[in-house]
Amino acid sequence: MAEIILKNITKEYENGFQAVKHIDLEIKDNEFVILVGPSGCGKSTTLRMIAGLEDISEGDLYLDGVRINDVSPQNRDIAMVFQNYALYPHMTVYQNIAYSLRIKKVPKDEIDRRVKEVASSLGLTDLLDRKPGQLSGGQKQRVAMGRAIIRHPKAFLMDEPLSNLDAKLRGQMRVEIADLYQRLNTTFIYVTHDQTEAMTLGTKIVVMRDGEIQQTDNPTNLFNYPANKFVAGFIGTPTMNFFDAEVVEENGQVWLKTKDGKIRATEEKAAKLREGNWIGKAVTGGIRPEHTVFCSEEEAAFKGEVSVFELLGSNAIIYVQCGDERIVLNTDDTVHQEHGKSVYMKVKESRLHIFDPETERTITN
Amino acid sequence: MRAKRKYRKRYDKLPIVLLFVLPALIPLIVFWIYPILRSIWLSFTNWDFISPTYKIIGLKNYQSLFKNPRFFEALWHTVVFTAGTLFPTIILGLILALLLVKPFRGNGILKFILFSPWITPTVAISIVWSWIYKTDGGIANTILTALGMSPLKWIASSDTAMLSVIIVTVWKSLGYAMIFYLSALERVPGELYEAGALDGASRWHQFFDITLPSISPTTFFLTIITMVNSLQAYDQIQVLTQGGPAGSTRTLLYMYYQLGFQEFNMGQATAVAVIMIILTAGLSLIQFKASEKWVHY
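Protein chains in written order, with the numbering used here: chain A, 1 to 365; chain B, 366 to 662.
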């Protein structure tokens, strides 16, 4: 149970490289915050600064209103689950889970009671006498979580905890972590590069790139109202389609003129485009594959030839080559799954995103 | 029929196996197994090292050894010398490794200097130390006097001779232990310390709960090696004290040498050697058994 506030936090290494650049972040009690971004974006460094494993070069870190920049990790009362689990290899599962309590000199019978409680809640009861070397990846993962939750820490930090598991187990553990969060009701900070984990687990997602926060929002808003082209492209699979367009106004109606056609801007977006003085200028359009549909020649915004299609069961991902651009569709349409077939596509106008081609910021949010 | 086939299957590769093992096996037999067997045989004789003939006298060599106070004295010296070199070598080697594991300026040169005694012949080292230990004008006493302490007689007195030989031996093997500990310490995953820190473990706890168990295989290896080296110590004793003064540095091995090559009582000397083999094997066996409890691979 903790409120964590990062104020203007910077991490600069001795060689002058800035891994994290002046970030501000407010993490409320009981929030499940996800730090997500491509590798090297500074998300792990941020997490490690919160844990106390990295020094903070600049800025202030508050835990429940107390500045903890100079508090050692031992005294922060924060637990962390590592990517490689970091279990003590010479200790049994029991000893691993009990270690933090043993150090605090908690009475033996209380340790025993709590270890058994945690073990049963994580399905580890039968494994308590084993050493980490005798456990599977998923079991190690559970022990690492057990070691964290037994302390009732103020916050849980998790650094890519599922990245070493196979896909099936990852899905299963994801549900278990979500369940754990519901039960424990405490603050979680979770680092991942996997946007599925981010979208399914988080109550608040922080998208990072090059040491800077791109956007902080809940999963729905992040998906529907990305702040810039990077976030739009990072969240959602398959990735959003981007295309060049020109804003034009004809008969009081604002349009996005594409190479092969045009897309009508909704009233709301038209207002924003007028307001920003974008009429007559080039912009970058963005539309998600699930909001792109096949249509007749007259309605088309794009035309091209089907190059690849991937059947996923109920739906299919269809890649269409339109000159040197590529448009991807996520559709349950079965008619057009034919290599080389000429197709016409339009977009759901309400789901269109328009970005400034220079700054890559979203114009129409 | 089936049993026969199985038998054949197991043994029809024997010539090929022997062919590959032979290059290693021949020197082992010539320089190790045969001399051991021959020694055991000689320990039941009264051979004087020179005569071409000897008589089999059964267990008499052993009987007279066990009645000889000199033997028990040497056994005790061996125990003192082994324990006195083993623990300081391991502990000081680990301390040096802990100090040098973090990179700093001149770290590499320091490591090399500390390791260099190990690659220097013991005889050369011992000659230098015999100068250091000189009662008049030796460096050891010069330092003691400078520090305001009274000078010692070092290798010239039976009170301090054993200590002097132990110091030389520890000094020589320190760098060796350090090198092994350095590589062991570098292999401990840093994440373990981070997990420990978050679990609330102080530096002290981290050392005892993470570092020591993680490097325990190295400690075990060094314990065996140092012990065997100490049991076999000869050069430094020969150069520094020749087992004296008054037998105060006479270990079992040195007693073996004196019996065999100074007193020409090879029968009894080999009996000492056989006892040493049993002793070494026994101690190693105990350590291996005990290691199951404290060594974590």
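Backbone N, C-alpha and C fix where the C-beta goes; we use that ideal spot for every residue, glycine too.
Endpoints, the beta strand (DSSP E) within which residue i is located
i, result
"tyrosine 380 of chain A", "Given a span of 1 to 365 for chain A in the structure shown, any question on residue 380 of chain A remains unanswerable."
"phenylalanine 307 of chain A", "The sequence given here places serine at residue 307 of chain A; phenylalanine does not occur at that position. Element bounds for serine 307 of chain A: 302-311."
"asparagine 241 of chain A", "241-250"
"isoleucine 34 of chain A", "32-36"
"phenylalanine 188 of chain A", "187-192"
"glutamate 344 of chain A", "According to the sequence as given, residue 344 of chain A is tyrosine; it is not glutamate. 342-347 is the span of the beta strand (DSSP E), which, as asked, contains tyrosine 344 of chain A."
"valine 293 of chain A", "292-294"
Spatially closest choice to residue i from the options, by CA coordinates
i, options, result
"glycine 565 of chain B", "A:Phe309, A:Gln18, A:Tyr99, A:Lys7", "A:Tyr99"
"histidine 353 of chain A", "A:Asn365, A:Val343, A:Asp109, A:Thr359", "A:Asn365"
"leucine 539 of chain B", "B:Leu587, B:Phe469, B:Glu438", "B:Leu587"
"threonine 616 of chain B", "B:Phe626, B:Ser595, B:Gly471", "B:Ser595"
"tyrosine 190 of chain A", "A:Pro38, A:Asp179, A:Phe156, A:Asn69", "A:Phe156"
"serine 416 of chain B", "B:Thr525, B:Asn630, B:Ile643, B:Met641", "B:Asn630"
"tryptophan 441 of chain B", "B:Trp659, B:Leu650, B:Leu618, B:Val660", "B:Leu618"
"asparagine 251 of chain A", "A:Asp260, A:Arg264, A:Phe243", "A:Arg264"
"arginine 403 of chain B", "B:Gln597, B:Ala636, B:Leu648", "B:Ala636"
"glutamate 211 of chain A", "A:Ile5, A:Gln18, A:Tyr13", "Sequence check: residue 211 of chain A is glycine here, not glutamate. Among A:Ile5, A:Gln18, A:Tyr13, the Cα nearest to that of glycine 211 of chain A belongs to A:Gln18."
"lysine 140 of chain A", "A:Arg170, A:Glu176, A:Leu87, A:Leu53", "A:Leu87"
"proline 610 of chain B", "B:Thr485, B:Phe436, B:Ala448, B:Ile520", "B:Ile520"
"asparagine 228 of chain A", "A:Lys7, A:Glu3, A:Phe355, A:Ile50", "A:Phe355"
"phenylalanine 242 of chain A", "A:Ile279, A:Gln214, A:Val283, A:Glu268", "A:Val283"
"valine 328 of chain A", "A:Gly313, A:Val335, A:Glu305", "A:Glu305"
"isoleucine 497 of chain B", "B:Trp483, B:Leu512, B:Ser529", "B:Ser529"
Identity of the residues DSSP links to residue i by a beta bridge
i, result
"histidine 353 of chain A", "A:Gly286"
"glutamate 212 of chain A", "A:Arg209"
"serine 529 of chain B", "Beta-bridge pairing links serine 529 of chain B to no other residue."
"aspartate 109 of chain A", "Bridge partners of aspartate 109 of chain A: none, in fact."
"cysteine 322 of chain A", "A:Glu325"
"isoleucine 264 of chain A", "Note that residue 264 of chain A corresponds to arginine in the displayed sequence, not to isoleucine. Its beta-bridge partners are A:Trp255."
"leucine 25 of chain A", "A:Leu6"
"glutamine 18 of chain A", "A:Glu12"
"alanine 79 of chain A", "A:Phe156"
"isoleucine 504 of chain B", "Per DSSP, none; premise fails for isoleucine 504 of chain B."
"threonine 331 of chain A", "A:Ala316"
"valine 66 of chain A", "A:Leu63"
Where the alpha helix (DSSP H) through residue i begins and ends
i, result
"leucine 87 of chain A", "That residue, leucine 87 of chain A, is in no alpha helix (DSSP H); it is neither H nor E in DSSP."
"lysine 140 of chain A", "137-149"
"aspartate 600 of chain B", "600-605"
"isoleucine 177 of chain A", "167-184"
"lysine 154 of chain A", "Run containing lysine 154 of chain A: none; DSSP gives neither H nor E here."
"phenylalanine 446 of chain B", "434-465"
"phenylalanine 581 of chain B", "Note on residue identity: the sequence assigns serine, not phenylalanine, to residue 581 of chain B. 581-596 is the extent of the alpha helix (DSSP H) around serine 581 of chain B."
"lysine 43 of chain A", "43-51"
Closer than 8 Å at the beta carbon, the chain A residues around residue i
i, result
"proline 468 of chain B", "Ordered by position in chain A, no residue passes the 8 Å Cβ test against proline 468 of chain B, which lies about 13 Å from the chain."
"glutamate 551 of chain B", "Per Cβ cutoff of 8 Å: no residues; glutamate 551 of chain B is ~16 Å from chain A at best."
Helix, strand or coil at residue i [DSSP, three-state]
i, result
"valine 660 of chain B", "coil"
"leucine 124 of chain A", "coil"
"isoleucine 478 of chain B", "helix"
"methionine 366 of chain B", "At methionine 366 of chain B the pLDDT is 48, less than 50, meaning the model places this residue with poor confidence; the figure from the coordinates comes in the next sentence. It is coil, neither helix nor strand."
"lysine 654 of chain B", "helix"
"isoleucine 235 of chain A", "coil"
"glutamate 275 of chain A", "helix"
"lysine 11 of chain A", "strand"
"aspartate 217 of chain A", "strand"
"methionine 514 of chain B", "coil"
"threonine 362 of chain A", "strand"
"isoleucine 317 of chain A", "strand"
"arginine 470 of chain B", "coil"
"lysine 116 of chain A", "helix"
Partner residues on chain A for residue i, Cβ-Cβ distance less than 7 Å
i, result
"serine 567 of chain B", "Gln74"
"proline 578 of chain B", "His90"
"glutamate 657 of chain B", "The contacting residues do not exist; glutamate 657 of chain B stays about 13 Å from chain A at best."
"histidine 442 of chain B", "Going along chain A, no residue has its Cβ under 7 Å from histidine 442 of chain B, so there is no contact; the nearest lies around 37 Å."
Proximal residues of chain A, C-beta to C-beta of residue i below 9 Å
i, result
"alanine 562 of chain B", "Ala51, Gly52, Leu53, Ser72, Pro73, Gln74"
"isoleucine 575 of chain B", "Tyr88, His90"
Contacts of residue i in chain B (Cβ-Cβ under 7 Å)
i, result
"asparagine 383 of chain A", "Nothing can be reported for residue 383 of chain A, as the shown portion of chain A is limited to 1 through 365."
"serine 57 of chain A", "Ordered by position in chain B, no residue passes the 7 Å Cβ test against serine 57 of chain A, which lies about 19 Å from the chain."
"serine 100 of chain A", "Asp564, Gly565"
Partners in chain B for residue i, counting only beta-carbon separations shorter than 9 Å
i, result
"alanine 2 of chain A", "Residues of chain B passing the Cβ test: none, with the nearest at roughly 14 Å."
"methionine 80 of chain A", "Glu559, Ala560, Leu563"
Partners in chain B for residue i, counting only beta-carbon separations shorter than 8 Å
i, result
"lysine 104 of chain A", "Gly565"
"tyrosine 94 of chain A", "The contacting residues do not exist; tyrosine 94 of chain A stays about 14 Å from chain B at best."
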